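The structure appears right after this line, and notes come after that.
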Amino acid sequence: RKTGTVKLNDAESFVAYYAIHGNGAPVWATLEPAKFVAVLNDHTKEAADHGDHRADFTVKHSKEWTTWTKHSGSGAAFGSTDGFAIFLEENAPDIVKPDAATMLQIALNFRVQAGVQFHQVTRLEDGDIDFGYRNTVDATAKGTNGQKLKIPEQFKIRLPVFDGLKAKAYEVDARFRYRLRDGQLTLWYELVRPHKVVEEAFKDLWEKIAKETRATILHGTPR
79 RKTGTVKLND
89 AESFVAYYAI
99 HGNGAPVWAT
109 LEPAKFVAVL
119 NDHTKEAADH
129 GDHRADFTVK
139 HSKEWTTWTK
149 HSGSGAAFGS
159 TDGFAIFLEE
169 NAPDIVKPDA
179 ATMLQIALNF
189 RVQAGVQFHQ
199 VTRLEDGDID
209 FGYRNTVDAT
219 AKGTNGQKLK
229 IPEQFKIRLP
239 VFDGLKAKAY
249 EVDARFRYRL
259 RDGQLTLWYE
269 LVRPHKVVEE
279 AFKDLWEKIA
289 KETRATILHG
299 TPR
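For the sequence shown, our numbering gives the first residue as 79, with consecutive numbering after it.
As C-alpha cells, then:
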C-alpha cells in the first residue's frame, strides 16, 4: 500500500499530486504555521484507514516579504540616511507608489545629503514631510541658508507574500518614520497591518486549493 509524506513547494504541485492520489480525501489547513496537509488514506465514514500517506505543503514566505518585514519598525531603524537610501535602491522594484523613479530620486538625495545636519521637520498640507538641513563641517553648521528634502509620509509596495513560481502579489502600505536628535536623523518605515495581508494571501491559497482539488478543507491539523 501507499505510505510516506511527500513535501510540495507550491500550491500548483500540491494540487497536481492530490489529483493523482487524492480520492476525495480532506485537506487540513492552518495559518500559523501556514500549511496544507492532505491525508490521502484518512479514515472515512465507512472504514478506518492508516493515515500514513500524506501530501504536505508548508507555505514559506517569499524573499521579498521577508526583506520588507525584517526592516519594518523602529527596532530595525537605519543607522544612517545612506543605509536607508541603499535599501530603497535595492528594493525599488517592489515600490509602486510613488513610482520607482521617484523613490530612487529620494534615495539619491539622501545619499547626496548624507553629510549634513538636520535641524527641522515640517509636515506639509499634502501629507508629505520636509526635512530642513545644513551642510556641516566637523559637526558644526556651516552657513545660514537651510535647504529642504521632501519625502512622502506614506508609500505603497507590491510583492508576493508567499513563495512560489506563480505566487500572487499583494499591495501593502508603509509609513515613513523618523527621529531627529542633535542634528542626527534616524529613519525607518512601518508596514501597515501586515498580518491582514498574510491572512488575505492565505485565504486566497485556501480558495485556490479547494477549487482545484474539489476537496473539503478543514481548519485544523490531522491526527
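Where is the CB? At the ideal position from N, CA and C, for every residue including glycine. Just so you know, these numbers come straight off a predicted model, no measurement behind them.
Q) Opposite Phe135 in the DSSP bridges: which residues? A) Leu86, Phe114
**Q.** Contact under 8 Å by Cβ, Asp172 with Ile235
**A.** Result yes, Cβ atoms of Asp172 and Ile235 sit closer than 8 Å.
Q | Alpha-carbon to alpha-carbon, Asp177 and Phe233 | A | 9 Å
Q: Could you pull the start and end residues of the beta strand (DSSP E) that Pro272 belongs to?
A: Segment 272-291 is the alpha helix (DSSP H) holding Pro272; no beta strand (DSSP E) there.
Q. Could you give the C-beta distance for Lys246 and Ala279, rounded to a whole number, given that I count them as a contact under 8 Å?
A. 7 Å
Q.
Pop quiz: Val250 and Val275 are said to be a contact at Cβ under 8 Å. What is the actual Cβ separation, rounded to whole angstroms?
A. 5 Å
Q: Determine the direct distance from the alpha carbon of Asn119 to that of Pro317, and round the result to whole angstroms.
A: This structure does not reach residue 317, given that the chain is present from 79 up to 301, and the question cannot be answered.
Q: Hey, could you find the ends of the alpha helix (DSSP H) Phe162 is sitting in?
A: Residue range 159-168 is occupied by the alpha helix (DSSP H) that includes Phe162.
Q | Enclosing alpha helix (DSSP H) for Lys141 [first to last residue] | A | 141-148
Q) Between His139 and Phe240, which are expected to be in contact by the criterion C-beta below 8 Å, what is the C-beta distance as a whole number of angstroms? A) The beta carbons of His139 and Phe240 sit about 6 Å from each other, so the pair counts as a contact at 8 Å.
Q.
Is the separation between the beta-carbon of Thr100 and that of Val117 shorter than 8 Å?
A. Looking at the sequence provided, one finds Gly at residue 100 rather than Thr. No, Cβ-Cβ distance for Gly100 and Val117 is not below 8 Å.
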